[in-house]
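Chains as they are written, first to last, in this note's numbering: chain C, 35 to 314; chain Z, 35 to 314.
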């Protein structure tokens with residue numbers, strides 16, 4: 035049986051991938067990552083697929099993942115089929131299909147490699163973190179939900195057990211009927227069990243917020259069609275700052291970009307997804 | 035034999051995909067799209083794969099494509115294996131593997147759907163086109179190359195026969211040994227045969243410029259590892275404005291974002307790629 039490095043953390047347990055006695059990779063999809071309606075979070079599913087890619091590679095980190103979201107995935111037993119592609123000294127390609135008991139859920143192009151702990155040698159000004167409300171003045175979504183003064187629908191109850199999410203009040207007006215008008219969402223996020231982020235848990239943060247279009251007053255559920263995640267650095271310990279932003283909505287399609295900075299302000303992961311426009 | 039709609043255009047011929055008598059999809063990869071060293075342009079390869087996805091789908095447009103670049107592709111005969119995924123009323127998923135005579139070149143997650151000619155219902159300020167030098171004052175790369183006053187390496191000679199590329203002098207300082215210091219490249223681009231852009235030719239524009247990191251003074255070749263392309267609208271006739279930008283370079287990895295606006299200033303396509311840092 036293959037083991038994960040940090041097998042005693044809640045996140046490692048939720049995303050654990052094992053090789054069964056017939057050599058197949060299996061996982062137990064964790065209902066704690068449901069976003070409502072029995073549907074599992076897209077970033078969580080991608081992190082499980084990334085774990086399978088890493089287990090099947092000589093390289094330690096998933097650096098690029100691009101997934102087609104074929105249908106909603108449900109908690110319970112799952113298996114992962116990894117088809118290796120070219121493997122070299124610096125990187126390896128593979129295709130990963132994650133299937134639950136009802137069939138394929140996501141199909142993923144994965145690239146594994148090594149994230150070097152060294153500094154950036156070039157950064158665009160645009161990679162600096164945005165101004166944000168200090169974490170102690172943000173909305174503790176779990177506490178708000180538990181106290182009855184629920185921020186409606188911010189994060190489904192299940193996800194609150196996995197992620198500690200502190201929403202920037204500047205991007206939370208929609209929760210009290212006063213959307214800011216801009217399709218942006220910002221939050222400080224860490225794993226609920228207090229563990230520090232690792233490159234794999236960053237993947238689970240790349241689709242963890244309410245749809246950013248809620249900030250422009252359009253509520254509802256936006257099912258992901260395709261999402262690309264890039265992990266760019268080993269994250270420092272502490273809170274991550276997560277920002278999501280929608281560029282445009284047209285013809286039934288909507289995009290969303292995520293950026294994640296670690297506690298030192300370094301941009302450590304990004305994603306871009308195409309989704310269908312929200313259904314009420 | 036399947037036919038493309040606009041089979042008499044140069045671009046349609048270069049990217050034509052046909053079904054042979056055994057039912058396999060084949061293409062003839064066009065050496066005109068070489069970027070040097072016998073290596074075909076990544077956007078061109080992706081457009082050929084997109085054509086195969088559309089031919090195998092009930093939906094007319096490739097809206098999301100994510101490709102792993104497995105190895106460099108060469109001009110000559112190629113075949114395309116399309117594995118259909120879930121197909122619905124608004125979209126269809128598939129996986130496409132494009133292989134040349136030496137084996138697989140790109141492996142692609144593809145989503146097809148319909149691009150609606152209607153307007154955007156939401157746009158972020160950031161989707162507006164950047165300020166740019168008027169096309170008549172930009173550097174005609176083909177003319178510069180033909181006249182001997184070559185802008186060195188701007189676009190390989192082959193690509194000049196396919197694309198009419200007018201580089202913004204504000205982002206061309208590197209060509210005369212005076213890089214602007216910012217990893218940004220901007221150009222007006224259209225098909226060299228004068229045809230107006232269509233959704234498929236936009237895909238070929240999403241990796242058509244010199245590496246944007248050249249603008250920061252780092253020259254060399256940056257091989258694409260993974261690239262996601264989203265096509266967001268039917269482009270208007272006329273020139274497209276293409277901008278590419280690098281966010282950060284670290285640990286041997288470099289990213290590059292492309293944005294393409296049509297002649298009306300509408301953002302019609304975007305891409306993001308992870309590549310290896312330039313090799314001299």
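The beta-carbon is built from N, C-alpha and C at its ideal position, and this holds for glycine as well.
Original post:
Going by the beta-carbon positions, is the gap between residue 118(C) and residue 104(Z) smaller than 8 Å?
Top reply: no
Original post:
Straight-line CA distance for residue 66(Z) to residue 124(Z)?
Top reply: 35 Å
**OP:** Alpha carbon to alpha carbon, how far is residue 262(C) from residue 93(C)? Give it in angstroms, no decimals.
**Re:** 20 Å
**OP:** Can you say whether residue 304(C) is buried or exposed, counting buried as having 16 or more other CB atoms within 10 angstroms of its CB?
**Re:** buried
Original post:
Quick one, which residues of the region 275-304 of chain Z are near chain C if we go by CB-CB under 7 Å, in chain order?
Top reply: 279, 280, 281, 282, 283, 284, 285, 286, 287, 289, 301
Subject >> Contact check, residue 277(C) vs residue 218(C), beta carbons under 8 Å >> reply: yes
Subject >> residue 131(Z) in three-state terms, based on DSSP >> reply: strand
Original post:
Taking the continuous alpha helix (DSSP H) assigned at residue 235(Z), which residues delimit it?
Top reply: 233-239
Original post:
From what residue to what residue does the alpha helix (DSSP H) around residue 175(Z) run?
Top reply: 175-180
Subject >> Closer than 8 Å to chain Z by CB, residue 249(C) >> reply: no
Subject >> Inter-residue Cα distance where the pair is residue 296(Z) and residue 271(C) >> reply: 43 Å
Subject >> Interface residues of chain C facing residue 152(Z) [CB-CB closer than 9 Å] >> reply: 284, 285
Subject >> Residue ranges of each alpha helix (DSSP H) within the region 200-276 of chain C, 4 or longer >> reply: 233-239
**OP:** Let me know if residue 111(C) comes out buried or exposed under the rule of 16 or more other beta-carbons within 10 Å of its beta-carbon.
**Re:** exposed
Original post:
Roughly how many angstroms lie between the CA atoms of residue 72(C) and residue 106(C), to the nearest whole one?
Top reply: 9 Å
Original post:
How should residue 137(C) be labelled, buried or exposed, when 16 other C-beta atoms within 10 angstroms of its C-beta is the threshold for buried?
Top reply: exposed
Original post:
In this structure, does DSSP put residue 48(Z) in helix, strand or coil?
Top reply: helix
**OP:** For residue 285(Z), count neighbouring C-beta atoms within 10 Å of its own C-beta (all shown protein chains included) and say buried if the count is 16 or more, exposed if not.
**Re:** buried
Subject >> Cut-off 6 Å between Cβ atoms - residues of its own chain near residue 78(Z), not counting five sequence neighbours on either side >> reply: 67, 238
Original post:
Distance, Cα to Cα, residue 188(C) vs residue 254(C)?
Top reply: At residue 188(C), the pLDDT of 47 sits below 50, so the modelled position is not reliable and the matter cannot be decided from this model.
**OP:** Mind listing the chain C neighbours of residue 102(Z)? Cutoff is C-beta to C-beta under 7 Å, in chain order.
**Re:** 119, 127, 143, 145
Original post:
Exposed or buried, what is residue 299(Z) when buried is set at 16 or more other beta-carbons lying within 10 Å of its beta-carbon?
Top reply: exposed
Original post:
How about residue 269(Z) and residue 95(Z): are their beta carbons less than 8 Å apart?
Top reply: no
Subject >> Residue of 265(Z), 127(Z), 206(Z), 160(Z) minimising C-alpha distance to residue 178(Z) >> reply: 206(Z)
Subject >> Cut-off 6 Å between Cβ atoms - residues of its own chain near residue 241(Z), not counting five sequence neighbours on either side >> reply: 76, 77
**OP:** For residue 243(C), decide whether its Cβ has a neighbour in chain Z, counting only Cβ atoms nearer than 8 Å.
**Re:** no
Subject >> Cβ shell of residue 113(C) (< 7 Å), same chain only, five flanking positions each side left out >> reply: 58, 59, 60, 133
Subject >> As assigned by DSSP and simplified to three states, the class of residue 105(C) >> reply: coil
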